[in-house]
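What follows is a set of notes on a single structure, which appears directly below.
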DNA sequence: TACAAGATAGTAATTTTTTTCATTTTCATT
DNA sequence: AATGAAAATGAAAAAAATTACTATCTTGTA
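Residue numbers (this note's numbering), protein chains in the order written: chain X, 1 to 138; chain U, 1001 to 1138.
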């Protein structure tokens, strides 16, 4: 059985071609696409994919913990399926998002936060905000 | 001159009653309200406030760096004007958001990230994801 | 292979956010 | 205090994003 399908099944999600395509697309891209972008990217190879299916799938994948949703500017929510923890650097002006390695180990932090909140904290996301070089020069 | 008005003027924003009200509301609340929630909260005291004005103001305040925008579930963007850095703890299931103190000092991290990216990083936001006690017990 | 649960496309409906624009307000300068 | 340019406002309309619905398929299991 193909690997992606197996992962989905382990999460009690059926491995439909659409879901596999959406998940693999997100795993493969370094961008942080919106639902619309995902749809546009996959439509050629999946001609009868519908936007509603994209939304339903990012929701189910998010609930399963396979991707993160976040929002920064006025372009709808963005999705990110990178499994390793990393930080996002966001330009306040143009809303570009870069990935960088975490500048610190978060394992200890997660333990601390778990104790503080009585929750089982599994993920830490860090966002750094500033103005990028391009926008400075304008 | 009143303090909030002064802050706004320093950011080249005109200190209109609506803008002052929105900003002070966000400074004062521990919640992470959506535009709609802000509107509903201020409408009684500002009867002819319009939702469009709320949107325009959170945008201008965000561009000025006076507040942060983020999104978690399917209820529109949330806004947070807390000036001190803090972390958000998010329940994956019910989307509740708690504020906690930062579990680590981020000054060093920001310097590191500034160097890595050639940006002037001024803010770090941390999000911890997990499942809260209430949702565990369901 | 058949079956039940789950997923899909397509569309409609809803919700959220942005734009438009005529009018009003702010604020630095007289 | 009056002036005027730039910015902000409210109301309505428009656009964009998201969800709901339904009849029809598919998946994964037995």
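Here a beta-carbon is modelled for each residue, glycine too, at the ideal position from N, C-alpha and C.
### Residue range of the beta strand (DSSP E) that includes residue 127 of chain X
120 to 131
### Task
Could you give the DSSP three-state label for residue 84 of chain X: helix, strand or coil?
coil
### Query
Given a threshold of 16 other Cβ atoms within 10 Å of its Cβ, counted over all protein chains shown, does residue 1063 of chain U qualify as buried or as exposed?
exposed
### Query
Quick one: does residue 71 of chain X have its CB under 8 angstroms from some CB of chain U?
yes
### Task
Run the CB neighbour count on residue 50 of chain X, radius 10 Å, all protein chains shown included, and call it buried at 16 or more, exposed below.
exposed
### Message
At the level of alpha carbons, what is the spacing between residue 45 of chain X and residue 1010 of chain U?
### Response
52 angstroms
### Query
For residue 1016 of chain U, which three-state DSSP category applies?
coil
### Query
Does the beta carbon of residue 1104 of chain U come closer than 8 angstroms to any beta carbon on chain X?
yes
### Message
Please report whether the beta-carbon of residue 28 of chain X lies at a distance below 8 angstroms from any beta-carbon of chain U.
### Response
no
### Message
For residue 92 of chain X, would you say it is in contact with chain U, using Cβ-to-Cβ distances shorter than 8 angstroms as the test?
### Response
yes
### Query
Three or more beta-carbon pairs under 8 angstroms between the stretch 81 to 93 of chain X and the stretch 1109 to 1124 of chain U, yes or no?
yes
### Query
Does DSSP put residue 135 of chain X in a helix, a strand or coil?
helix
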